[in-house]
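Undergrad: Quick one: the structure is below, and I'll ask about it shortly.
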Amino acid sequence: MKFIIAILLGLIVSITIAFTIIHHPILDRFNPFLKTEYSYAKVPKGTQQYVNITAYSERGEKLDYKLTFNGFSPSRTYVEIKHKGQYVISITYVEKEDIPKEVRQE
45 MKFIIAILLG LIVSITIAFT IIHHPILDRF NPFLKTEYSY AKVPKGTQQY
95 VNITAYSERG EKLDYKLTFN GFSPSRTYVE IKHKGQYVIS ITYVEKEDIP
145 KEVRQE
């Protein structure tokens, strides 16, 4: 019985550490420690697949990780990204003027 409790405790600790250290879209989707947030990014024109995009928080701080997601308008440049860590929930194309000043300066 003590062996089973020790294994379960070790498993819980391992999962908690993995959720706090590792950023991956699948893990971030189910991570209860992450909050949904909005970020802004400039994306390349002429494509609908955005890979390794640098995003900035609403306060203008560069995120520690890059985001990969699909779009639907190859002619637009700026996006507002609703995400939970690296898991992108949705994107909205915005005009440059709609982006917070702190982000526009980047």
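Reading the sequence shown from the start, the letters are residues 45 to 150 in our numbering. By construction, the Cβ of each residue, glycine as well, lies at the ideal position given by its N, Cα and C atoms. Given the structure is predicted, the values throughout are model-derived calculations rather than measurements.
1) Which residues share a DSSP beta bridge with F195?
2) With DSSP as the reference, label K145 as helix, strand or coil.
3) Skipping 5 residues on each side, what residues in its chain have a beta carbon closer than 7 Å to that of D72?
4) Identify the continuous beta strand (DSSP E) that holds T136 and give its terminal residues.
5) Between which two residues does the beta strand (DSSP E) containing S119 stretch?
6) So, helix, strand or coil for K106, using DSSP?
7) On the DSSP bridge list, what partners appear for S101?
TA: Quick answer:
1) A question about residue 195 goes unanswered here, because the residues of the chain that appear run from 45 up to 150.
2) By 1-based counting over the sequence shown, the position of residue 145 is 101. K145 falls in the helix class under three-state DSSP.
3) Indexing the sequence shown from 1 puts residue 72 at position 28. Answer for D72: L78, K128, G129, Q130 and Y131, listed in chain order.
4) The residue labelled residue 136 in the question sits at position 92 within the sequence shown. From DSSP, the beta strand (DSSP E) with T136 extends over Y131 to V138.
5) Reading the sequence shown from its first residue, position 75 is the one you call residue 119. Note, S119: premise wrong, no beta strand (DSSP E); not H, not E.
6) Numbered from its first residue, the sequence shown carries residue 106 at position 62. It is a strand residue.
7) Here residue 101 corresponds to residue number 57 of the sequence shown, with the count starting at 1. Answer is S83.
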